[in-house]
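Protein sequence lines correspond, in order, to chains A and B. 405 is the number that the numbering used here gives to position 63 of the first sequence; each next residue is one higher, with no gaps. 531 is the number that the numbering used here gives to position 189 of the second sequence; each next residue is one higher, with no gaps.
There are 2 protein chains.
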Amino acid sequence: MEIDDLIGSQCRRDWERTEATAVPAVRVAAIGLGWFTRGRALPALADSARCEPTVLVSGSTTKADRIASEFDAVERTLTYEEYAEGVGTDAYDAVYVCTPNAYHLDHATVAAEHGKHVLCEKPIERDSDRAADLVTVCDDAGVELMVAYRMHTEPTVRRAKEVIKAGYVGEPVTVRGDMSQRLLERVNPDPDQWRLDAELAGGGALFDIGLYPLNTARFLLDADPVAVTGTTGSTHDAFDAVEETVSCSLRFPGGITATCFASHNARQASSITVTGTEGQVRIEPAFFQDQDRRVELSRGDSHAEIQVDRVDQIREEFDYFADRLRSDADIYPDGRHGVVDVEIMEAVYEAADRDTWVEV
Amino acid sequence: MEIDDLIGSQCRRDWERTEATAVPAVRVAAIGLGWFTRGRALPALADSARCEPTVLVSGSTTKADRIASEFDAVERTLTYEEYAEGVGTDAYDAVYVCTPNAYHLDHATVAAEHGKHVLCEKPIERDSDRAADLVTVCDDAGVELMVAYRMHTEPTVRRAKEVIKAGYVGEPVTVRGDMSQRLLERVNPDPDQWRLDAELAGGGALFDIGLYPLNTARFLLDADPVAVTGTTGSTHDAFDAVEETVSCSLRFPGGITATCFASHNARQASSITVTGTEGQVRIEPAFFQDQDRRVELSRGDSHAEIQVDRVDQIREEFDYFADRLRSDADIYPDGRHGVVDVEIMEAVYEAADRDTWVEV
């Protein structure tokens, strides 16, 4: 790698296959108007040169109309019933599904029926059976399916992967990653939020945030774990159905190990570190948005700390999706990729239950 | 805590119970003259105001005499036979045992027979049975026994413990620690070194360096794990009898988890991080000597990086030992404390063998 690849143009979009001005913008229907869609996704879509938010789907017409008035590109709003019936399908090319996990399958099924491509929030579904069904539905309909992992287009993560692939840390030996926040105290105090509901979410800290270090470890190593174990725990009454805290260990092929920690009851923190025979690369902070990124690279006699400008991770993710729809390049985080994460997470829960290791 | 306790006088010896000038120096017989004794322990003893290296015990009289000439305080050298027979016992008050792990019991038994106190390198022995015997031997003889964990008197570790105890990270939720180096490539290329011999060492990376994050996690949390699991692996032929790399997970009381990674085949790195409900404290680099220490403390709206002057960790450790011998204060890392580490490490190996969790 040239120095400029790591220091100077970290934020380059090496994944782009098309010119934004040479292809039609992808018109996106946003399904679910929670805080993330409103505060993150719609502004990113509005800012994107490759996408535009043309349709809003919500259970509340009042809410949808209010939010629609904030974004010029929005052409219409739909109720879930109208969406299911195929109203307004000429106004969008793809859907962005940002609802409780257990609703992903139903919304993707509707999209597939109408020939619309699907960008589905992570995790792909609440369990691996429904996740597999979601993949099948999209495959059968011939629509593209991508799972919305922000990290695959986060520049620091892409550069870290290149550093590893180029051999700068030697042979990878271990990965450790973590993500934590105080969900109830700092993010959302509502004890009835869907993230605490096992039926809707599928799991707790692991499904919601542990997926970041877990999936990023897979991405950085370009490999999937073969066995996992874990420990789950909760201290708050609100976390009676899903775990508040999880710690899991993973065995990858070739003897590489990884550990991931996630908690909804620990100080906000996030990092991922790959240690190899010859060096170490770390991203910290790693997974939360709106934080200046730092990449650390240790090798030989040197330790470098590289500050990297922020990008709008959601815009990058949408633009990658749009670029893939407008080119013939494969989507990296496709449906099958997303199913594997759910299978791994289910194995972690099983391992924690049985105090054992579980093969994946 | 006052700011000065963390920034300004990090290296204070808060553990001192006696004035160095008010008590007799402890005359130490060094058992085993490997590179660590010669390069680290003897210079530290020579530099100490509380100890002096008066006797050297070695299988090679030539080597012992040569090294003796480098240190003014050395009064005599002994062969192992002379040591066992009690020759020169009037020249030392305590022994420092720095031999392959499996010889610790025999050397400590001789010391106990002669009424000499014992500072024993970590791990205390190659297995928990011999470790327990070593404790009994010293107890029965009424001599003091300390295991040589450098971290209990490393200033950054003590300050981190105080920060945690004072509640600055809230309730601890998880600890992660690691230590790695390329033993064969960077430290000692000899495939016949005792660290690779299961009979002499008891274990591989875990016994040799994984013990640092493991024991420091116990120290920082002031608690012992209740269950463990792990994964071991090797890539070099030289690591056929003991593991080259280990990754272990620990469950502490109260739902606190910890992960420790150690490898003799990964880039030199070491760190320990405690994440709590309100903050995070990290020491990095943590465990290797001769590196400038850095403590990071994140809490509330702030992240602090505190560079700390180096101390001679071995001198601090010897001085703590001497201070405890000259006062009636208890030794923190006593024999029983050392046995617990060996029991934990044996449980990790059993867990790795059986792909399960093992209660400790």
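Here a beta-carbon is modelled for each residue, glycine too, at the ideal position from N, C-alpha and C. Every value quoted in this text rests on a predicted model; they were computed, and no experiment measured them.
- Contact check for residue 550(B) against residue 537(B) passes: the beta carbons are separated by less than 8 Å.
- Within the segment 494-513 of chain A, those residues whose Cβ lies closer than 9 Å to any Cβ of chain B are, in chain order, 511, 512, 513.
- Residue 395(A): member of the beta strand (DSSP E) spanning 393-399, first to last residue.
- Residue burial is scored here from C-beta neighbours: residue 582(A) has fewer than 16 other C-beta atoms within 10 angstroms and is therefore classed as exposed.
- The beta-carbon of residue 622(B) is placed less than 8 Å from the nearest beta-carbon of chain A.
- Taking 7 Å as the Cβ-Cβ cut-off, the segment 583-606 of chain B approaches chain A at 587, 589, 591, 593, 597, 599, 601, 603, 605, given in chain order.
- At a cut-off of 8 Å between C-beta atoms, residue 568(B) does not count as an interface residue with respect to chain A.
- Within the segment 610-634 of chain A, the complete beta strand (DSSP E) segments at least 3 residues long are 621-625, listed from N- to C-terminus.
- DSSP, reduced to helix, strand and coil, places residue 541(A) within a helical segment of the structure shown.
- Unbroken alpha helix (DSSP H) runs of no fewer than 4 residues, entirely contained in the segment 358-435 of chain B, are found at 384-389, 403-410, 422-427, following chain order.
- Annotation note: the segment 530-591 of chain B contains the following uninterrupted alpha helix (DSSP H) runs of length 4 or greater, listed N- to C-terminal: 540-543, 553-563.
- A contact between stretches requires three or more CB pairs, one per stretch, nearer than 8 Å, and the segment 348-362 of chain B meets this requirement with the segment 665-675 of chain B.
- If you look at residue 520(A), you'll find it in the beta strand (DSSP E) that goes 514-524.
- Our two residues, residue 511(B) and residue 622(B), have alpha carbons roughly 6 Å apart in a direct line.
- Among the residues facing chain B, residue 552(A) is not included, as its CB has no counterpart in that chain under 8 Å away.
- By the Cβ neighbour-count rule, residue 606(A) is buried, with 16 or more other Cβ atoms within 10 Å of its own.
- Taking the beta carbon of residue 575(A) as reference, the chain B residues within 7 Å of it are 597, listed in sequence order.
- Distance from residue 682(A) to residue 566(A) at the Cβ level is roughly 6 Å; contact confirmed, criterion being Cβ atoms closer than 8 Å.
- Contacts with chain B at 8 Å (Cβ-Cβ) do not include residue 403(A).
- The beta carbon of residue 536(B) does not come within 8 Å of any beta carbon belonging to chain A, so the residue lies off that interface.
- Within chain A, the residues placing a beta-carbon under 7 Å from that of residue 697(B) are 698, 699, ordered along the chain.
- Taking C-beta separations shorter than 7 Å and ignoring five residues to either side along the sequence, the partners of residue 678(B) in its chain run 477, following chain order.
- Contact between residue 446(A) and residue 437(A) is ruled out by a C-beta separation of about 11 Å, above the 8 Å threshold.
- The closest CA to that of residue 522(A), considering only 629(A), 481(A), 635(A), 686(A), is found on 629(A).
- In this structure, residue 418(A) lies away from residue 394(A), with their beta-carbon atoms at least 8 Å apart.
- Closest option to residue 620(A), judged by alpha-carbon separation, among 513(A), 444(A), 555(A): 513(A).
- Annotated as distal: residue 584(A) and residue 559(A), with beta-carbon spacing of 8 Å or more.
- At a beta-carbon threshold of 8 Å, the residues of chain A lying near residue 618(B) are 608, 609, ordered along the chain.
- Non-local C-beta neighbours of residue 391(B) in its own chain, meaning closer than 6 Å and more than five positions away in sequence, comprise 362, ordered along the chain.
- Residue 695(B) and residue 561(A) have their C-alpha atoms some 29 Å from each other.
- With the criterion set as a beta carbon lying under 8 Å from some beta carbon of chain B, the members of the segment 625-647 of chain A are 640, 641, in sequence order.
- For the pair residue 375(A) and residue 411(A), the CB atoms are not nearer than the 8 Å cut-off.
- The C-beta of residue 418(B) comes no closer than 8 Å to any C-beta of chain A.
- In this chain, residue 493(B) is not harboured by any beta strand (DSSP E), its DSSP state being neither H nor E.
- Within its own chain, the residues whose Cβ lies closer than 8 Å to the Cβ of residue 700(B), once the five positions on either side in sequence are excluded, are 569, 570, 571, 689, 690, 692, 693, listed in chain order.
- The criterion of a C-beta distance shorter than 8 Å is satisfied by residue 589(B) and residue 591(A).
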